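Working notes, structure below.
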Amino acid sequence: MLSGIITLALLLLFVGGWIWAWRPARKADFDAAARLALDEHDLPAQDKGARP
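Residue numbers (my numbering): 55 to 106.
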């Protein structure tokens, strides 16, 4: 009985997280996170003596 309750609770948590992540209001946040890897202006300056 306890394992069934835990399974149901975890399923509801998963579905709630899925709904939260796929809400249209979250699109701007996910688009900004997707662009993080492409932003080059935030890179630290490389040492001239260091090898790549």
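Ideal placement from N, C-alpha and C gives every residue a C-beta, glycine not left out.
This structure is a prediction, so every number in the text was calculated from the model and none was measured.
Proximity below 9 Å, CB of residue i to CB of residue j
i, j, result
"residue 74", "residue 80", "yes"
Euclidean distance between Cα positions of residue i and residue j
i, j, result
"residue 87", "residue 93", "10 Å"
"residue 91", "residue 85", "11 Å"
"residue 56", "residue 78", "36 Å"
"residue 64", "residue 95", "41 Å"
"residue 82", "residue 66", "25 Å"
"residue 89", "residue 69", "27 Å"
"residue 34", "residue 76", "Outside the shown range of the chain, which is 55 to 106, sits residue 34, and nothing can be said about it."
As assigned by DSSP and simplified to three states, the class of residue i
i, result
"residue 93", "coil"
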